[in-house]
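*Asks:* Okay, handing you the structure first.
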Amino acid sequence: MACFFRRSIAAQLSRICGAQEDVFVPLLSAIPASKKQVIPGLRLTVNSLVKNGTLSPDPDLQTQTERLAKQVKEDGVVEEVVAGRGVINFRINSLLLAEKLLEQLHAEPQSFGVKSEILQNLQKGRTLVEYSSPNIAKKFHAGHLRSTIIGNFIANLKEALGNDVIRVNYLGDWGMQFGLLGAGFLRLGSQEKLRENALQHLFEVYVQVNREAQHDDSVRLAAAEFFRQLEQHDEQALSLWKQFREITVEEYQKIYERLGVSFDHYSGESFHQRQSLEVLKDLRSQGLLKTTEKGTGVIDLSTEGDLSSYATVVRSDGTSLYITRDVAAALDRKERFSFDEMIYVTDKSQSVHFQQLFQILRVMGHHWAEKCVHVPFGLVVGMSSRLGEVVLLEDVLNEARYRMLQNMQEAKTSKELSDPEVVAEQIGVSALIIQDFKGPLISDYKFDWQKVLQAQGDTGVFLQYTHARLCSLLRMQGSGSRAHFNPAHLQDNRSISILQHLLRYDEVLLQSALELQPRHLVNFLTTLSHLASSAHRELQVKGSSAEVAQARLRLFSCTCSVLANGMKILGITPVEKM
Ligand code: ARG
6 MACFFRRSIA
16 AQLSRICGAQ
26 EDVFVPLLSA
36 IPASKKQVIP
46 GLRLTVNSLV
56 KNGTLSPDPD
66 LQTQTERLAK
76 QVKEDGVVEE
86 VVAGRGVINF
96 RINSLLLAEK
106 LLEQLHAEPQ
116 SFGVKSEILQ
126 NLQKGRTLVE
136 YSSPNIAKKF
146 HAGHLRSTII
156 GNFIANLKEA
166 LGNDVIRVNY
176 LGDWGMQFGL
186 LGAGFLRLGS
196 QEKLRENALQ
206 HLFEVYVQVN
216 REAQHDDSVR
226 LAAAEFFRQL
236 EQHDEQALSL
246 WKQFREITVE
256 EYQKIYERLG
266 VSFDHYSGES
276 FHQRQSLEVL
286 KDLRSQGLLK
296 TTEKGTGVID
306 LSTEGDLSSY
316 ATVVRSDGTS
326 LYITRDVAAA
336 LDRKERFSFD
346 EMIYVTDKSQ
356 SVHFQQLFQI
366 LRVMGHHWAE
376 KCVHVPFGLV
386 VGMSSRLGEV
396 VLLEDVLNEA
406 RYRMLQNMQE
416 AKTSKELSDP
426 EVVAEQIGVS
436 ALIIQDFKGP
446 LISDYKFDWQ
456 KVLQAQGDTG
466 VFLQYTHARL
476 CSLLRMQGSG
486 SRAHFNPAHL
496 QDNRSISILQ
506 HLLRYDEVLL
516 QSALELQPRH
526 LVNFLTTLSH
536 LASSAHRELQ
546 VKGSSAEVAQ
556 ARLRLFSCTC
566 SVLANGMKIL
576 GITPVEKM
């Protein structure tokens, strides 16, 4: 209910400064809590009013700040106005804070934060998010795992903020590697193994044939021949390729489900083989395609027209490249889905590729290239399992589940669970996600199972533990769902800290959406969990008077909803028991 308070203060500021109320609303943010004290209220940076032209610049900012602060009246909402260094703190009535916030949160837990006024200026409409995008028969490496969970987070966030989201998985399902795989499978493959463990088997065949091809010309020739057949749509070759693709998608779907991830479309490079030839034709007729001495086709992307920066889009033998297929795919998606924005999630080594892709779209005259975004992320090193290096997504999930189950058995918390394996997996996955989302996405990090699965500290296990404990309290003591509660019982420091923190939720969502970075939400939720677990320790429910218990239960149930909502946006399934 930050909006009620923002509006009320904005109305005063509007009266004083003459500008519209709307000008002030997005500039008011929750006063950050410090270790020493928490002040319930909102803060305004006076410079932000100078920057947007509401106030004229004053060489003496401090005097200007104090002058403005003096003109604000203390009313039923604002109880104290304090001018700091270039900022004004509006302390709000804490009874009103508890009442308004918990009333709204209780009435509409799902829309809390996400429907805030300050989010109104974000891009609305249809958002296409492309993520995961592994390559058939190749390793599903840590980069693909990162793309999967980051893309899922972005899609969830956009959806929560009211966008119409289309989730696309763009498989690496075409190219010379299928020549190798196809030729290799004809000699080394087994339909039986394919049925038993498709991903593993395809990967093994691919690794072996690749090894042989290094020193055996006949293997290379057979691979080239198989790929030629594929490109010419030879029926037998194509049906084998189709089988690989279908089985792979089926297997992936099962594993994605364990991760809590899904897609609306499984597209892939193969879909855009033909279209990329059309693209080349268009480029040629627009005069954008130049042939180099080596016979390759390039597009000039420099502003000077001197080929100082160019992208190669055709090989000398006339075949298309990765980027050519991406141009075709982008055009096709625009036409089929008419998205308002498109977001690609891959590791940072592909940043140049996407900048070139967007630039090609621009020179082709597609203004919507401005609405295409690449979200790059850094490398993870050292992700391994008991069996050694991780090659398949399934290996990571199995390892997380196995280790978490062991921890739970040691802590003897899993006794009463009917499905400890499922719960262990959900917690293990949340641990992976939090570890990955803690820092700026662009940073590299070293993977460490011990650290990932710690129960204390800012981990996914801790978030789940806090959530489960709140659920158990609400199960045992009743969920505080009676309509009335008395905010006078929530005036202690612990309660006010939580309320003041909840006031920030919409700002955190805004920042996450503007930067497409999960760490703001992760920080918010870990702080919320720390605050909730202290409050849970100190604010007794059992043994308190009915009225006090009722107010505290209301606080805990609202905290629990925000925690769960935030976790779900991150892609985590909150567990109710552990
Ligand atoms: N399959 C690619 C890889 O594993 C990632 C695809 C990224 N998306 C794209 N539109 N190029 O590296």
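The numbers in the sequence shown follow the working numbering, run straight up by one, and end at 583.
Ideal Cβ positions, reconstructed from N, Cα and C, are used throughout, including at glycine.
Less than 6 Å between C-beta atoms, sequence neighbours within five positions excluded: which residues of the same chain meet that for V332?
*Replies:* V284 and I365.
*Asks:* Rounded to whole angstroms, what is the Cα-Cα separation between L245 and G187?
*Replies:* Cα to Cα, L245 sits roughly 7 Å from G187.
*Asks:* Alpha carbon to alpha carbon, what distance is there between V119 and E240?
*Replies:* Each residue's Cα considered, the two are about 51 Å apart.
*Asks:* Considering only the alpha carbon of each residue, which of Q280, S517 and R289 lies closest to I629?
*Replies:* Here the chain has residues from 6 to 583 only, and residue 629 is not among them.
*Asks:* State the Cα-Cα distance for the pair N498 and M481, rounded to the nearest angstrom.
*Replies:* Near 25 Å, if we compare the C-alpha coordinates of M481 and N498.
*Asks:* Keeping to the same chain, check which residues put their C-beta closer than 6 Å to that of P492; ignore five residues upstream and five downstream.
*Replies:* Here the set comprises L100, A103 and E104.
*Asks:* Spatial neighbours of V386 within its chain, please: CB distance less than 6 Å, with the 5 preceding and 5 following residues excluded, ordered by chain position.
*Replies:* Answer for V386: K451, listed in chain order.
*Asks:* With DSSP collapsed to three states, give me the class of P492.
*Replies:* Three-state result, P492: helix.
*Asks:* Could you give the C-beta distance for A38 and H506, rounded to a whole number, given that I count them as a contact under 8 Å?
*Replies:* Confirmed, about 7 Å.
*Asks:* CB-CB under 7 Å to T539, same chain, minus the five flanking residues each way: which ones, in chain order?
*Replies:* The residue you asked about is not Thr; residue 539 is Ser in the sequence shown. Contacts found: R499.
*Asks:* Might you give, ordered along the chain, the residues of its own chain that have their beta carbon closer than 6 Å to the beta carbon of V43, omitting 5 neighbours on each side?
*Replies:* Within the same chain, V43 has close Cβ partners I501, S502 and Q505.
*Asks:* On the three-pair Cβ rule with 8 Å, is the stretch 61–77 touching the stretch 87–94?
*Replies:* Because the criterion of three Cβ pairs below 8 Å is met, the stretch 61–77 and the stretch 87–94 touch.
*Asks:* Can we count Y261 as close to ligand 1, meaning its CB is less than 8 Å from some heavy atom?
*Replies:* No.
*Asks:* Sorted by chain position, which residues of the same chain lie with C-beta nearer than 7 Å to K353's C-beta, five sequence neighbours on each side aside?
*Replies:* P381, F382, G383 and I447.
*Asks:* How about H494 and P579: are their beta carbons less than 9 Å apart?
*Replies:* Going by C-beta atoms, H494 is not nearer than 9 Å to P579.
*Asks:* Between which residues of its own chain and V210 is the CB-CB distance below 6 Å, once the five residues before and five after are set aside?
*Replies:* Same-chain partners within the cutoff: G189, F190, L193 and G194.
*Asks:* Just to confirm the assignment: which complete alpha helix (DSSP H) runs, minimum length 4, are found wholly within the stretch 249–297?
*Replies:* Listed in chain order, the complete alpha helix (DSSP H) runs (minimum 4 residues) inside the stretch 249–297 are 278–290.
*Asks:* I need the straight-line Cα distance from E421 to Q414, nearest angstrom please.
*Replies:* If I take the Cα positions, the gap works out to 11 Å.
*Asks:* Distance, Cα to Cα, T68 vs P45?
*Replies:* When rounded, the distance between both Cα atoms is 25 Å.
*Asks:* Which residues in the same chain as R408 place their Cβ atom closer than 8 Å to its Cβ, once the five residues preceding and following it in sequence are excluded?
*Replies:* Result list for R408: G433, W454 and L458, in chain order.
*Asks:* As an exercise, report each continuous beta strand (DSSP E) stretch of at least 3 residues that is fully enclosed by the stretch 353–427, in chain order.
*Replies:* Whole beta strand (DSSP E) segments, 3+ residues: 377–382.
*Asks:* Only counting runs of 3 or more residues, tell me where the beta strand (DSSP E) segments fall wholly within the stretch 452–476, in order along the chain.
*Replies:* Those beta strand (DSSP E) runs which fall completely within the stretch 452–476 and span 3+ residues do not exist here.
*Asks:* In chain order, what are the residue ranges of uninterrupted alpha helix (DSSP H) at least 4 long that sit wholly in the stretch 21–78?
*Replies:* Correct list: 26–29, 51–56 and 66–76.
*Asks:* CB V173 to CB L204, shorter than 9 Å?
*Replies:* Taking 9 Å as the Cβ cut-off, V173 and L204 do not qualify as a contacting pair.
*Asks:* Does the beta-carbon distance from L166 to L514 come in below 9 Å?
*Replies:* Yes, the Cβ-Cβ distance between L166 and L514 is below 9 Å.
*Asks:* For the stretch 14–28 and the stretch 107–114, state whether three or more C-beta atom pairs, one from each stretch, are separated by less than 8 Å.
*Replies:* Touching, no.
*Asks:* Quick one: give me the first and last residue of the beta strand (DSSP E) that A316 is part of.
*Replies:* Per DSSP, A316 belongs to the beta strand (DSSP E) from Y315 to V319.
*Asks:* Please confirm whether any heavy atom of ligand 1 lies closer than 8 Å to the CB of H371.
*Replies:* Not under cutoff, so the answer is no.
*Asks:* Go ahead and pull the three-state DSSP assignment for M181.
*Replies:* If DSSP states are grouped into helix, strand and coil, M181 belongs with coil.
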